[in-house]
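**Q**
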Amino acid sequence: MKHIRNFCIIAHIDHGKSTLADRLLETTRTISAKDLQAQVLDNMDLERERGITIKSHAIQMDYEYKGEKYVLNLIDTPGHVDFSYEVSRSIAACEGALLVVDAAQGIQAQTISNLYMALVQDLEIIPVINKVDLPGAMPDEVEDQIVELLGCAPSDIIRASGKTGIGIEDILAAIIERIPAPDGSPDAPLQCLIFDSVFNPFRGIIAYFKVVNGSITTGDLVKFIATGKEYDADEVGVLRLDMEPRKEVKTGDVGYIISGIKTSKEVKVGDTITHVVNGAKEAISGFEEVKPMVFAGLYPIDTEDFENLRASLEKLQLNDASLTFTPESSAALGFGFRCGFLGLLHMEIVQERLDREFNMSVITTVPNVSYKVYDKKGGCKEVHNPSGLPDQTMIDHIEEPYIRASVITNTTYIGPIMTLCLGKRGQLVKQEYISGDRVEIFYDLPLGEIVIDFYDKLKSISKGYASFDYHLSDYRPSKLVKLDVLLNGEPVDALSTLTHVDNSVSFGRRMCEKLKELIPRQQFDIAIQAAIGAKIIARETVKAVRKDVTAKCYGGDVSRKRKLLEKQKEGKKRMKQIGTVEVPQKAFLAVLKLDDN
Numbered sequence: 007m008k009h010i011r012n013f014c015i016i017a018h019i020d021h022g023k024s025t026l027a028d029r030l031l032e033t034t035r036t037i038s039a040k041d042l043q044a045q046v047l048d049n050m051d052l053e054r055e056r057g058i059t060i061k062s063h064a065i066q067m068d069y070e071y072k073g074e075k076y077v078l079n080l081i082d083t084p085g086h087v088d089f090s091y092e093v094s095r096s097i098a099a100c101e102g103a104l105l106v107v108d109a110a111q112g113i114q115a116q117t118i119s120n121l122y123m124a125l126v127q128d129l130e131i132i133p134v135i136n137k138v139d140l141p142g143a144m145p146d147e148v149e150d151q152i153v154e155l156l157g158c159a160p161s162d163i164i165r166a167s168g169k170t171g172i173g174i175e176d177i178l179a180a181i182i183e184r185i186p187a188p189d190g191s192p193d194a195p196l197q198c199l200i201f202d203s204v205f206n207p208f209r210g211i212i213a214y215f216k217v218v219n220g221s222i223t224t225g226d227l228v229k230f231i232a233t234g235k236e237y238d239a240d241e242v243g244v245l246r247l248d249m250e251p252r253k254e255v256k257t258g259d260v261g262y263i264i265s266g267i268k269t270s271k272e273v274k275v276g277d278t279i280t281h282v283v284n285g286a287k288e289a290i291s292g293f294e295e296v297k298p299m300v301f302a303g304l305y306p307i308d309t310e311d312f313e314n315l316r317a318s319l320e321k322l323q324l325n326d327a328s329l330t331f332t333p334e335s336s337a338a339l340g341f342g343f344r345c346g347f348l349g350l351l352h353m354e355i356v357q358e359r360l361d362r363e364f365n366m367s368v369i370t371t372v373p374n375v376s377y378k379v380y381d382k383k384g385g386c387k388e389v390h391n392p393s394g395l396p397d398q399t400m401i402d403h404i405e406e407p408y409i410r411a412s413v414i415t416n417t418t419y420i421g422p423i424m425t426l427c428l429g430k431r432g433q434l435v436k437q438e439y440i441s442g443d444r445v446e447i448f449y450d451l452p453l454g455e456i457v458i459d460f461y462d463k464l465k466s467i468s469k470g471y472a473s474f475d476y477h478l479s480d481y482r483p484s485k486l487v488k489l490d491v492l493l494n495g496e497p498v499d500a501l502s503t504l505t506h507v508d509n510s511v512s513f514g515r516r517m518c519e520k521l522k523e524l525i526p527r528q529q530f531d532i533a534i535q536a537a538i539g540a541k542i543i544a545r546e547t548v549k550a551v552r553k554d555v556t557a558k559c560y561g562g563d564v565s566r567k568r569k570l571l572e573k574q575k576e577g578k579k580r581m582k583q584i585g586t587v588e589v590p591q592k593a594f595l596a597v598l599k600l601d602d603n
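No gaps in the numbering here: position 256 of the sequence shown is 262 in our numbering, and each next residue is one more.
1) Can you tell me which of the three DSSP states arginine 209 falls into?
2) If you draw a straight line from the C-alpha of serine 167 to the C-alpha of alanine 103, how long is it?
3) Restricting to runs no shorter than 3 residues, where is the beta strand (DSSP E) found entirely within the region 298–336?
4) Just to confirm the assignment: which complete alpha helix (DSSP H) runs, minimum length 4, are found wholly within the region 174–248?
5) Between arginine 185 and glutamate 130, how many whole angstroms is the CB-CB distance? I'm expecting something under 8 Å.
6) Quick one: measure Cβ to Cβ for serine 221 and valine 244, integer angstroms, because I've assumed they're closer than 8 Å.
7) The beta strand (DSSP E) that contains cysteine 386, what's its start and end?
8) If contacts are defined as beta-carbon pairs under 8 Å, then isoleucine 484 and proline 452 qualify, I think. What distance do you get, rounded to the angstrom?
9) Give the single residue among Lys575, Ser565, Ala557, Asp499 whose Cα lies nearest to the Cα of alanine 550.
10) Tell me whether the beta-carbon of threonine 415 lies closer than 9 Å to the beta-carbon of isoleucine 447.
11) Return the CA-CA distance between leucine 426 and leucine 464, expressed in angstroms with no decimal places.
12) I'd like to know whether the C-beta atoms of isoleucine 404 and leucine 329 end up nearer to each other than 9 Å.
13) Using the three-state DSSP reduction, which class does phenylalanine 13 fall into: helix, strand or coil?
14) Measuring only the C-alpha atoms, how far is lysine 558 from valine 564?
15) With 16 as the cutoff for other CB atoms within 10 Å, does arginine 11 come out buried or exposed?
16) When you compare each of Ser412, Thr117, Lys229, Asp450 to threonine 406 by their alpha carbons, which one comes out closest?
17) Helix, strand or coil for leucine 451? Go by DSSP, reduced to three states.
18) Between Gln528, Leu227, Ala533, which lies nearest to valine 283 when the distance is taken from Cα to Cα?
19) CB-CB under 7 Å to valine 93, same chain, minus the five flanking residues each way: which ones, in chain order?
20) Taking the straight line between their C-alpha atoms, what separation do you get for glutamine 529 and arginine 552?
21) Output needed for arginine 515: all residues of its chain with C-beta closer than 6 Å, excluding positions within five of it in sequence on either side, in chain order.
22) Rounding to the nearest angstrom, what Cα-Cα distance links glutamate 354 and threonine 309 in this structure?
23) Identify which residue in Glu438, Pro422, Pro396 has its Cα closest to the Cα of serine 466.
24) So what does DSSP say about threonine 418, is it helix, strand or coil?
25) Please work out which residues of its chain come closer than 7 Å, Cβ to Cβ, to leucine 199, disregarding the five sequence neighbours upstream and downstream, and give them in chain order.
26) Assign isoleucine 118 to one of three DSSP states: helix, strand, or coil.
27) According to DSSP, is proline 407 part of a helix, a strand, or is it coil?
28) What does a CB cutoff of less than 6 Å around glutamine 127 pick up in its chain, not counting 5 residues either side in sequence?
29) Using a 10 Å radius around the Cβ and a threshold of 16 neighbouring Cβ atoms, would you call lysine 573 buried or exposed?
30) Can you give the beta carbon distance from threonine 257 to proline 207, rounded, assuming they're within the 8 Å contact cut?
31) Could you check if tyrosine 439 is buried or exposed, using at least 16 other CB atoms within 10 Å of its CB as the buried criterion?
32) So glycine 346 packs on proline 298, CB below 8 Å; how close in whole Å?
33) Thinking just about the alpha-carbon of each residue, which of Lys271, Gly234, Asn314, Asp326 is nearest to the one in glutamate 288?
34) Sorted by chain position, which residues of the same chain lie with C-beta nearer than 7 Å to lysine 8's C-beta, five sequence neighbours on each side aside?
35) DSSP state of proline 251, grouped into three classes?
36) Which of the three DSSP states is assigned to cysteine 345 in this structure?
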């Protein structure tokens, strides 16, 4: 055990984590030259196309240092805030972390929030300044920032370049010397922490785990504590570039188990595996629950695909534990699911993965939250969807959920952040200075105002320096109205939304303008209207595609042209009565990104 080191790489997005991981794998000869490619651990096409890490990836390396052989278990983590849950799970399986900071950009928000996550779990931090070979690199200034943040000595900071390989040997030496070996007991009852899982169509569900205490052998009868289910360990092994079967996985190691599990509900990330005979009585603690930020409905384009969509979401949830979903129905779209996401990028990625990996095309509704609607008889009903709202004449008042939000930022950005929160109907509670020029601001905000673009805006106005956390505080009465979108007089309930009365007119106008750009032209005029009850508050028209019917009239009396035009007009009118308007998927997504400016 004393020759095992478990560590992860944490950083802000685009600070060079995956490239650094490539160099470590190359230096330890874990991958041969023929397998070498950029972002070798990013095995999803989506990750390669976008150049971002979406999933954590675990891999084992062997390295000889001062004549002794060491086993290094590396977990590469995502940098984007929408995938911070992946980071928290990776941190739970490690004893140390490489904190990577870009020499040209310095410390940014995710660097700090990921660092705090690692410190809470009591990880040993090794600071690394990456990209020192860039012409715009400022290693000395970045070094000062890291010293101020961590309180470490400048000599503890390693300068490296994932591209050219500078400092890689120093990083490997620091991992072995500074990161402690796992401190579990090989003689204690078996406890393995599940930190990830994947679905394999041939072998069922494969769970990735870290052995905290004891050891697991092929053929053992094991139990998953949270679900209480028992299985035979058909195969256990370690994670190399591919899975490598082993007879036994010992204390401190990171490995995988295949036990023929077919139902995704039976594996929970954060669960503990133990032996059925003489097993551990309690699960490993300290695994935090996921907290969705954005809720939206996902509906299959073909209603017969509802069960297929359920199966696809369950399999995707195995691989992405931060996705939550419950069934719901809509008048226009039929049966679907109400899903919780960590942000808009997460929502986009889930949609894309459903399409690519499971061949499921889905329609997404406008994100919203749940409201309490009180009728005039004193009854209360919880509404998750604007279409479930009772008639306006029956409603006494509506209460919406409020959150207590905490924003940690640099003092430079206090003004713009306060303006943003006030624009979202926020009420300032208090502000506290933490250290130096860092301040924590507490706001009470309506949850409905933050689900769409609050987070994105906060990041852009603070240049990525603000980190944001919240918890639900209470429900408060609010003047909310249901905004409907009508296409040729027909309401599209997937585009309906509940909004505050003060924002309704401008929101409705922007919605109509956006839909006008995105709905393709038909053979007839399409009227796009935004309405509150029976009152139309905004209108745009998508003009018909018209054939020039007067082209064959050269000269002659004007009445001949008029006759042709009238005939065309009658035809367009008939078309409009029977024609249907297809709303493209892009239009549903665009409504989510309406800019407030």
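Yeah, the Cβ is synthetic: ideal placement off N, Cα and C, and Gly gets one too.
**A** Result, derived from the coordinates:
1) Residue state, collapsed to three classes: coil.
2) 17 Å
3) 300–306, 330–336
4) 174–184
5) The sequence given here places isoleucine at residue 185; arginine does not occur at that position. At roughly 5 Å, the Cβ-Cβ gap stays under 8 Å, so isoleucine 185 and glutamate 130 are in contact.
6) Not really, about 13 Å apart at Cβ, beyond 8 Å.
7) 386–389
8) A small correction: the amino acid at residue 484 is serine; isoleucine does not occupy that position in the sequence shown. That pair is a contact at about 7 Å.
9) Ranking Lys575, Ser565, Ala557, Asp499 by Cα distance to alanine 550 puts Lys575 first.
10) yes
11) 8 Å
12) no
13) In the structure shown, phenylalanine 13 falls within a strand segment according to DSSP collapsed to helix, strand and coil.
14) Cα to Cα, the separation comes out at about 13 Å.
15) buried
16) Note on residue identity: the sequence assigns glutamate, not threonine, to residue 406. Checked all of Ser412, Thr117, Lys229, Asp450; the closest Cα to glutamate 406 is Asp450.
17) strand
18) Selected option, being the one with the closest Cα: Leu227.
19) Ile16, Thr83, Pro84, Asn120, Met123
20) 7 Å
21) Ala544
22) 21 Å
23) Pro422
24) helix
25) Ala98, Ala99, Phe215, Lys216, Val218, Thr278, Ile290
26) helix
27) strand
28) Ile97
29) Lysine 573 is exposed by the Cβ-count criterion.
30) Not really, about 32 Å apart at Cβ, beyond 8 Å.
31) exposed
32) 3 Å
33) Gly234
34) Ala187
35) strand
36) strand
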